[in-house]
Amino acid sequence: MLGESPELKSALDRLELLAPSDLAILIQGETGTGKELAARRIHRLSPRAQLPFLAVNCAALPESLLLSDLFGHVKGSFTGADRDRAGIFEASRGGTVFLDEIGDLPLPAQGKLLRVLQEREVRRLGESMPRSVDVRIVAATHRNLSSMVRDGEFRRDLFYRLKVGSVVLPPLRQRGGDVLLLGEYFVVREGYQLSSDARRRLRSYPWPGNVRELRNTLEVAKALSDDYVIRPEHLELPESESGSMVGYHQQVREFRRDLVREALRASGGNRSEAARNLGLSRQALSYLVRSLAIP
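Offset between the sequence shown (1-based) and the numbering used here: plus 4.
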């Protein structure tokens with residue numbers, strides 16, 4: 005979870021405040037924003053850190069297998085169930101279960117999950133008696149659960165149960181200079197460098213696939229570069245996408261934010277000195293700090 009933008013720091017601050025509690029947490033954000041990394045960070049900062057962290061992709065399995073995977077089953081409960089099997093919630097043994105893509109969780113499983121959250125118990129498929137479980141649940145989705153609730157695709161009671169502890173991860177296009185910070189991280193550790201034109205190209209592209217797309221793009225760029233310098237042609241980013249999601253005013257705002265933050269960093273936080281270096285009055289700098297949400 006690398007970055008210095010106020011948008012990311014705000015999300016991480018909230019995450020770190022929620023992590024020590026035993027609340028269920030819902031992580032929301034576009035694909036590729038690092039939701040599983042955030043879930044693992046929550047687990048590491050929680051009292052359950054020394055216990056298992058188990059991840060399940062709710063969109064990866066058909067409903068019958070998902071129900072068995074999450075809640076377990078007893079021998080003979082369905083064709084192929086030749087032995088008793090504990091589900092993920094039992095297998096966590098007091099740890100954390102991460103339910104990725106919870107928006108794809110089938111409605112029958114949503115009701116069973118609500119019982120885990122409220123009663124701390126599960127009932128294996130084919131079994132009549134519930135079993136107690138001790139587990140912390142962290143869920144994530146890129147889907148709009150509010151709309152799904154209105155359309156009857158997601159349980160309202162489960163949504164509000166999860167929403168109590170929610171964290172929204174910002175998309176990369178809203179994180180300003182974090183694009184270059186991450187870009188440098190992905191290439192410099194292996195001896196590569198970004199040319200100035202490549203850096204400008206990275207900043208101008210909207211990154212609809214977020215950090216995952218940035219990382220994959222730079223992996224390919226490293227393979228294409230024969231002198232350890234990454235240039236725009238190595239990035240292979242479509243020209244038609246440039247600026248389609250990042251308008252002129254947003255780019256100017258991000259440039260101003262980076263400029264002010266760099267001046268404050270260089271002055272050690274002394275606003276009078278930073279204002280002089282920028283050719284501004286102290287009052288004008290203070291206004292920029294407030295309007296650009298610079299911490």
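Glycine included, C-beta positions come from ideal geometry on N, C-alpha and C.
(message) Within the continuous beta strand (DSSP E) that includes V101, where are the two ends?
(response) 100-104
(request) Provide the residue span of the beta strand (DSSP E) that contains V215, from first to last. (result) Looking at the DSSP string, V215 is not in any beta strand (DSSP E); the run it does join, the alpha helix (DSSP H), is 214-228.
(message) Quick check on the DSSP output: the beta strand (DSSP E) that includes I92 runs from which residue to which?
(response) I92 -> not in any beta strand (DSSP E); alpha helix (DSSP H) instead, spanning 92-95.
(request) Over the uninterrupted alpha helix (DSSP H) stretch that includes V192, give me the two end residues. (result) Here the alpha helix (DSSP H) through V192 covers 182-192.
(request) Could you tell me how far apart the beta carbons of F75 and F102 are, in whole angstroms, since I believe they sit closer than 8 Å? (result) Contact doesn't hold; Cβ gap of about 16 Å is too wide.
(request) Output the boundary residues of the beta strand (DSSP E) element that contains V60. (result) 57-61
(request) In the DSSP assignment, find the alpha helix (DSSP H) that holds S14 and state where it starts and stops. (result) Note, S14: alpha helix (DSSP H), 10-22.
(request) Consult DSSP for E40 and reduce its assignment to one of helix, strand or coil. (result) DSSP places E40 in helix when its eight states are reduced to three.
(request) Specify the secondary structure class of R159 as computed by DSSP and reduced to three states. (result) coil
(message) On the DSSP bridge list, what partners appear for Q32?
(response) T145, V172
(request) Can you grab the Cα-Cα spacing for the pair D182 / I29, in whole Å? (result) The C-alpha of I29 is placed about 25 Å away from the C-alpha of D182.
(message) Starting from N281, trace the alpha helix (DSSP H) in both directions and tell me its first and last residue.
(response) 275-282
(request) Give the DSSP bridge partners of H47, in chain order. (result) Bridge partners of H47: none, in fact.
(request) Rank N214, G273, L111, E125 by C-alpha distance to the C-alpha of L162 and give the top, closest one. (result) Out of N214, G273, L111, E125, L111 has the C-alpha closest to the C-alpha of L162.
(message) Mapping the DSSP letters down to three states, classify V153 as helix, strand or coil.
(response) helix
(message) DSSP has I234 in a bridge; who is on the other side?
(response) L198
(request) Apply the 10 Å Cβ neighbour rule to D25 and answer buried if 16 or more other Cβ atoms are within range, or exposed otherwise. (result) According to the sequence as given, residue 25 is Ser; it is not Asp. It is exposed - the Cβ of S25 has fewer than 16 other Cβ atoms within 10 Å.
(message) Taking 7 Å as the limit between beta carbons, can you name the residues of its chain near L6, skipping five residues before and five after?
(response) L185, L186, Y189
(request) Could you tell me the boundaries of the alpha helix (DSSP H) in which G312 lies? (result) With the chain represented from 5 up to 299, any question about residue 312 goes unanswered, as that position is not in the structure.
(request) Could you check the C-alpha separation between V4 and G283 for me, to the nearest Å? (result) Coverage of the chain is limited to positions 5 through 299, which leaves residue 4 absent and any answer about it impossible.
(message) Measuring straight from C-alpha to C-alpha, what distance separates K39 and G33?
(response) Their backbone Cα atoms lie some 7 Å apart in a straight line.
(request) Report the partner residues of R140 according to the DSSP bridge assignment. (result) Answer by DSSP bridge pairing, in chain order: T100.
(request) Could you tell me which residues DSSP pairs with V126 in its beta bridges? (result) R135
(request) Return helix, strand or coil for R52, following the three-state DSSP convention. (result) coil
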